[in-house]
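Peer 1: Heads up, the final residue of the sequence shown is numbered 294 in our numbering, and it's a clean run with no missing numbers. For every residue, glycine included, the Cβ atom is placed at its ideal position computed from N, Cα and C. Nothing here was measured: the structure is a model prediction, and the numbers come from that model.
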Amino acid sequence: MIPLISTGKSKSVAHLFQRYLKTIDYISIWFELNPFDKQSKAYRTLSTIRQMHSKVSQKLNKNQTSRLIWMNQYRMYHGQFPFVGLFAIYPEQLGFNILTPEEIHCIFHFWRTIGYCIGIDDQFNLCSGTDQEIIEICRQIFQQELLPTLTTLHQQSNDDDPNLSITNTARLMSKGLFQALGILEPFINYNIMMRYACKFVWKKIPTPAIDEDDIRLKNFPSRIHYIFTIVAYRFFSHFRWFHWLSSRWLEYRLKQAKKYCKYYIQCLERMYPNDIVVDDDCIVDKFLNYFS
């Protein structure tokens, strides 16, 4: 999370929109084109990613007084988890009911390839090994490293300021991301997805780091929205026509987003004029001291 914050591209909802629209666009390119063809856009974008990682590494590791190294192989390995981790652990709950074992293997192979292209060694690549090994290591990362962080709402930094806690910062970034992408698709809603995820992600956590306000259905439309979400994931996701229709709609909305990107950014700036998602300089300094 700290490398993401340090770039200064998570300051506001509008910044998050730009950042993750580009991320989605990059991933679409990687799926469609050959990442090993030096003339392809996939190769160029992956080279751009490697350069960005190098700059962030130099920034975070400059003047370090501890033995902690940012953007090393271990942290790059963890960086793969958001893209494949929950998919590996909860495929049915997230609507991937129709995938065959061969299709799941293809997805793991894709992310192993992307990991290789951005410089992750095979021994650290999250998607190396058999499919069952990948699923198991994702489960261990989630249960042993991520869930403990979610058992407390205020994991405080050195000066005991709960507003700078790791969990709270991640929560603010997640909420800001949903607000950003929600302008493209009304069904992308933070409270709805948090409430839905609680059914399987947090069910075994005694004291999850979650505010009641995060999962509250605040009006009648939100209740209808929540019911539709459950039906979509648990029933419609069993049909290939639903996935085909959803994919075509997503492709259309992404084309619109890229075409009218400036318009959407202006809308978000008007909708959230004073919402600073992350004060990057302050947060990074506090977290570097915390981890040192």
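Of the choices S248, N74, M273, Q142, whose alpha-carbon is the least far from that of F189?
Peer 2: S248
Peer 1: Less than 8 Å between the C-beta atoms of L48 and I185, yes or no?
Peer 2: no
Peer 1: Which same chain residues end up closer than 6 Å to I194 when comparing Cβ atoms and leaving out the 5 residues on each side of it in sequence?
Peer 2: Excluding sequence neighbours, I194 sits near H227, Y228, T231.
Peer 1: Are any of the Cβ atoms in chain B nearer than 8 Å to that of F230?
Peer 2: Absent from the structure is chain B; it holds one protein chain and no more.
Peer 1: Could you say which of K261, A182, V233, Y192 lies nearest to H17 if we only look at CA atoms?
Peer 2: A182
Peer 1: Would you kindly check if the distance between the Cβ of Q75 and the Cβ of I120 is under 8 Å?
Peer 2: no
Peer 1: As a quick exercise: from F237, A259, W251, pick the residue whose alpha carbon is nearest that of Q95.
Peer 2: F237
Peer 1: Can you grab the Cα-Cα spacing for the pair D161 / L62, in whole Å?
Peer 2: Residue placement at D161 cannot be trusted, given a pLDDT of 46 that sits under 50; what the coordinates show is reported in the next sentence. Going from the Cα of D161 to the Cα of L62 covers about 21 Å.
Peer 1: Could you give the residue range of the alpha helix (DSSP H) that holds Q75?
Peer 2: 75-81
Peer 1: Going by beta carbon distance, what residues of the same chain come within less than 8 Å of L6, once the five residues before and after it are set aside?
Peer 2: S12, M175
Peer 1: With the cut-off set at 8 Å, would you say I29 and K43 are in Cβ contact?
Peer 2: In this structure, K43 does not lie closer than 8 Å to I29 by Cβ.
Peer 1: Measure the Cβ-Cβ separation of Q82 and G117 and say whether it is below 8 Å.
Peer 2: Cβ distance < 8 Å, so Q82 and G117 count as in contact.
Peer 1: Just reading off the alpha helix (DSSP H) that E34 is part of, what are its end residues?
Peer 2: From DSSP, the alpha helix (DSSP H) with E34 extends over 15-34.
Peer 1: Could you work out which residue in F110, D216, M54, L128 is closest to P93 when comparing CA atoms only?
Peer 2: F110
Peer 1: Of all the options D216, Q146, K64, which has the alpha carbon lying nearest to the alpha carbon of H80?
Peer 2: Considering only alpha carbons, the answer is Q146.
Peer 1: With 16 as the cutoff for other CB atoms within 10 Å, does T151 come out buried or exposed?
Peer 2: exposed
Peer 1: Output yes or no for whether 8 Å exceeds the beta carbon distance between L256 and I51.
Peer 2: no
Peer 1: How many whole angstroms separate the CB atoms of L219 and R197, which I take to be in contact at a CB cut-off of 8 Å?
Peer 2: 7 Å
Peer 1: So, are the CB atoms of H240 and I100 less than 8 Å apart?
Peer 2: yes
Peer 1: Using beta-carbon positions only, say whether V15 and Y266 come within less than 8 Å of one another.
Peer 2: no
Peer 1: Could you name the residues of the same chain whose beta carbon sits closer than 8 Å to that of I91, not counting the 5 residues immediately before and after it, in chain order?
Peer 2: Exclusion of the five residues before and after I91 leaves I137, C140, R141, F144 as the residues of its chain whose Cβ lies within less than 8 Å of its Cβ.
Peer 1: Below 8 Å between beta carbons: does that hold for L88 and C263?
Peer 2: L88 is not a Cβ neighbour of C263, given a cutoff of 8 Å.
Peer 1: Looking at the structure shown, is F98 part of a helix, part of a strand, or coil, going by DSSP?
Peer 2: coil
Peer 1: Return the chain-ordered list of same chain residues with a C-beta closer than 8 Å to the C-beta of D39, the five sequence neighbours on each side being excluded.
Peer 2: Result list for D39: Y45, in chain order.
Peer 1: Nearest CA to the CA of C202: which residue from W243, N191, L35, Y235?
Peer 2: Note that residue 202 is Phe in the sequence shown, not Cys. The shortest Cα separation from F202 among W243, N191, L35, Y235 belongs to Y235.
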